[in-house]
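Numbered per the working numbering, the sequence shown spans residues 90 to 332.
For each residue, glycine too, the CB sits at the ideal point set by N, CA and C.
Quick caveat: nothing in here was measured; it's all calculated off a predicted structure.
Written out below as structure tokens is the structure these notes cover.
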Amino acid sequence: MRQPGAAEMPFVLTNASGVHAIPISEHIIALILALARDLHHSIRAQARAVYRGEQEAHVFELAGKTMLLIGVGEIGGRTAGPAKCLGMRVIGIRREPSQPAEGVDALHGPDRLLALLPEADFVVLTVPLTHETEGMIGERQLRAMKRTAYIINVGRGGTIQESVLVRALQEGWIAGAGLDVFEREPLPSDSPLWAMDNVIITPHYSGSTPHYDERAFAIFLDNLRRYVAGEPLRNVVDKRRGY
């Protein structure tokens, strides 16, 4: 939480969790499909008016691949469905793995992260930035991934140690990345990530949707009704954890 003193104050804080589940889950699937079908290289070749032959396209199928969701809340949960429809195996990591999530084949606690990384073809981060998640993906975690695996981050840039990620991409520890968030935003123009042909960059717009206001107001009005009626509120934030 940006205002740590608020954790000690006697008020209930709620958020608009769920508003971004549809656009961000679609963004995740878009990045994964683009990487699997080599669209990032074709788009760059198009900008240079270069026609790449079939033999130059490095493509693979998603069916049979494994997605590791780090963070299985509203966004992660909704990502599992389309991934399963594409024939992927989906495993997830969440703080409370005993809570089921539709479409997720197996759920584990954070302590299983290192053991699960070698299984994944796509590692997808949707976690918030907290004391527990800051820098959670570093050298040890990236080296544990397959050399053919990709990492997708649509949560917060600070969950990945960016300088280590740059090394991993340059030295081939992993195959590539789809990044919507960064440690510093806007991403500095001198960042090596811009020039990497195995990286897709989007400028923190995975949650953008024309339906934001109606969804956010629906949650607010429902919570207002619940508050007046003395009913439990939706999306209550744990102020100590920060989400």
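Which class does Ile226 belong to by DSSP, given the choice of helix, strand or coil?
Strand at Ile226.
Should Gly192 and Gly170 be called a contact, given that it needs their Cβ atoms to be closer than 8 Å?
Contact flag set, yes.
Have a look at the DSSP bridge pairing and note the partners of Ala266.
According to DSSP, which records beta bridges pairwise, Ala266 is partnered with Ile240 and Val288.
Assign Thr222 to buried or exposed, taking buried as 16 or more other Cβ atoms, counted over all protein chains shown, within 10 Å of its Cβ.
That one is buried.
Whether or not the stretch 247-261 and the stretch 133-143 are in contact is what I'm after, with contact meaning three or more pairs of Cβ atoms, one per stretch, closer than 8 Å; do they touch?
Using a Cβ-Cβ distance cut-off of 8 Å, the stretch 133-143 and the stretch 247-261 are not in contact, since fewer than three pairs of beta carbons, one from each stretch, lie closer than that value.
List the residues that DSSP assigns as beta-bridge partners of Met234.
DSSP lists no partner for Met234.
Helix, strand or coil, according to DSSP, for Val148 in the structure here?
It is coil, neither helix nor strand.
Give every residue of the same chain whose Cβ lies closer than 6 Å to the Cβ of Gly255, excluding the five residues on either side of it in the sequence, and list them in chain order.
The question names Gly, but residue 255 is Val in the sequence shown. The answer, listed in chain order, is Pro281.
Per the contact definition of three or more C-beta pairs closer than 8 Å, is the stretch 98-116 in contact with the stretch 155-173?
Judged by Cβ distances under 8 Å, the stretch 155-173 makes contact with the stretch 98-116, as three or more pairs qualify.
Could you give the C-beta distance for Thr237 and Ala266, rounded to a whole number, given that I count them as a contact under 8 Å?
Not a contact, Cβ separation roughly 13 Å.
Taking the DSSP output, what are the residues bridged to Met156?
For Met156, which the question treats as bridged, DSSP gives the partners Val179 and Phe211.
Going along the chain, which residues of its own chain have a beta-carbon closer than 6 Å to the beta-carbon of Val148, five neighbours each way excluded?
Correct list, in chain order: Arg126 and Asp127.
Closest residue to Thr155 among Thr219, Arg245 and Tyr239 (Cα-Cα distance)
Comparing Cα-Cα distances from Thr155 to each of Thr219, Arg245 and Tyr239, the minimum goes to Tyr239.
Can you tell me where the beta strand (DSSP E) holding Ala195 begins and where it ends?
Ala195 to His197 is the span of the beta strand (DSSP E), which, as asked, contains Ala195.
Which residues bound the alpha helix (DSSP H) around Lys173?
It spans Glu163 to Cys174 - the alpha helix (DSSP H) in which Lys173 sits, taken as one unbroken run.
Between the C-alpha atoms of Lys235 and Arg315, what's the straight-line distance to the nearest angstrom?
Between Lys235 and Arg315, the C-alpha separation is close to 47 Å.
If you count every other CB in all the chains shown that lies within 10 Å of the CB of His300, and 16 or more means buried, which is it?
Of the residues assessed, His300 falls on the exposed side of the cut-off, its CB having fewer than 16 other CB atoms within 10 angstroms.
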